[in-house]
Each structure stands twice: as structure tokens, then as C-alpha cells.
Amino acid sequence: MVKRTSLAGDACPIARALDVFGDWWSLLIIRDASLGRRRFSEFQASLGLAKNILATRLRALVERGILKTVPASDGSAYQEYVLTPKGRGIFPILVALRQWSEEFDEHPDEIATILVDRENGKPVKKLALYSRDGRVLHAADTALKPRPATKRARRVVP
């Protein structure tokens with residue numbers, strides 16, 4: 073078995089975030105939790121993931137503070153997994169991935185769902201990055217600069 077390299081100490085915030093998420097299965101578990109799935113069996117049925125792999129991913133997400141376990145809502149002896157505030161903070165990342173796929177997928181007509189505002193049923197507006205003065209920013213409008221008074225580790229990568 074190949075040991076995964078940790079990016080936890082990397083100077084790049086994207087690398088550090090990826091170290092917390094782990095892999096695509098973890099993001100799909102977080103997606104399912106965002107959709108209201110809470111039980112091991114619900115995750116397993118949705119993802120079709122082997123039970124041992126799912127158990128490992130769920131344990132890692134709990135250890136990383138993205139999910140927490142709570143007693144089952146029906147009073148049974150089971151436990152359920154719920155997103156923590158740190159886990160709920162991943163929602164905009166999931167939306168960005170969804171919107172990117174909706175825009176660039178070769179077969180967007182095969183995407184089964186659209187994201188809508190629960191209040192009015194209308195599709196949500198595409199995410200955008202705004203400057204402090206309200207301008208929409210694109211990659212060419214941004215730059216990286218060293219953070220003042222911090223220890224910079226290895227390398228800074230966008």
C-alpha cells in the first residue's frame with residue numbers, strides 16, 4: 073500500500089485544503105451529507121463504495137473535524153454523521169465544482185439535477201469572485217503576494 077503524502081504543511085492553501093478533503097470519495101461523502109444523508113447505509117447505497125473504504129473515509133472526515141457523529145435521530149443504537157461548521161464551509165466549493173461541470177462537461181444534458189433556490193425554485197446565480205469595491209474579478213485580475221509576518225514554508229503555488 074502506498075502511503076499518501078501529506079500536504080498539511082504546504083504553503084499553498086489549495087494544497088492544504090486538498091489534504092483535509094482527502095480524495096474524491098471524501099468530497100462525494102461531504103456532498104451526500106450536504107444533501108441530508110446521515111447514516112452509513114445511506115452513504116453506502118448512494119456511493120456504492122465498499123464498506124471498509126467508506127468506514128475509513130468517514131473516520132478520516134470525523135478526525136479532520138468535517139463530520140461529527142451523533143446518536144441516531146430515531147433513537148436506535150446507530151450513530152449518524154452530520155456536517156460540522158467546518159464541513160458546511162465546503163458547500164461553496166461543491167457549488168463551484170458543480171457549476172464548472174455544468175459549463176464545461178461534454179454532455180451537460182446528462183446531468184440529472186440543477187441547483188435551485190429553495191425559496192423560489194429558480195436556478196442559483198453562478199458563483200463569482202468580487203473585489204472589495206464590487207468588481208467581478210477573473211484570474212488575470214488577481215495576483216499572489218506574501219502574507220505579512222508569517223513563516224512561509226515550501227513554495228507558494230496558486
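All residue numbers for the sequence shown refer to my numbering, where the first residue is 73 and numbers rise by one. We put the beta carbon where it would ideally sit given N, CA and C, even for glycine.
Check: Based on Cα-Cα distance, which residue from 79, 77, 84 lies nearest to residue 217?; Outcome: 84
Check: Since I believe residue 159 is in contact with residue 132 (beta carbons under 8 Å), could you give me their beta-carbon distance rounded to a whole number of angstroms?; Outcome: 12 Å between Cβ atoms; not a contact.
Check: Can you tell me the Cα-Cα spacing of residue 193 and residue 185, whole angstroms?; Outcome: 13 Å
Check: On the premise that residue 152 lies in contact with residue 103, defined as a C-beta separation below 8 Å, what is that separation, rounded to the nearest angstrom?; Outcome: Rounded, the Cβ-Cβ distance is 17 Å, inconsistent with contact.
Check: Can you list, in chain order, the residues of its chain with a C-beta nearer than 8 Å to that of residue 90? Leave out the 5 residues immediately preceding and following it.; Outcome: 79
Check: Suppose you measure from the CA of residue 171 to the CA of residue 197; what does that come to, to the nearest Å?; Outcome: 10 Å
Check: Which residue from 82, 77, 81, 96 puts its Cα closest to that of residue 165?; Outcome: 96
Check: So what does residue 201 bridge to, in DSSP terms?; Outcome: 209
Check: Residue 154 and residue 130 look like a contact to me (Cβ under 8 Å); what is the Cβ gap, rounded to whole Å?; Outcome: Residue 154 to residue 130, Cβ: 12 Å. No contact.
Check: Is DSSP giving residue 196 helix, strand or coil here?; Outcome: coil
Check: If distances are taken between C-alpha atoms only, which option among 191, 169, 101, 136 comes closest to residue 88?; Outcome: 136
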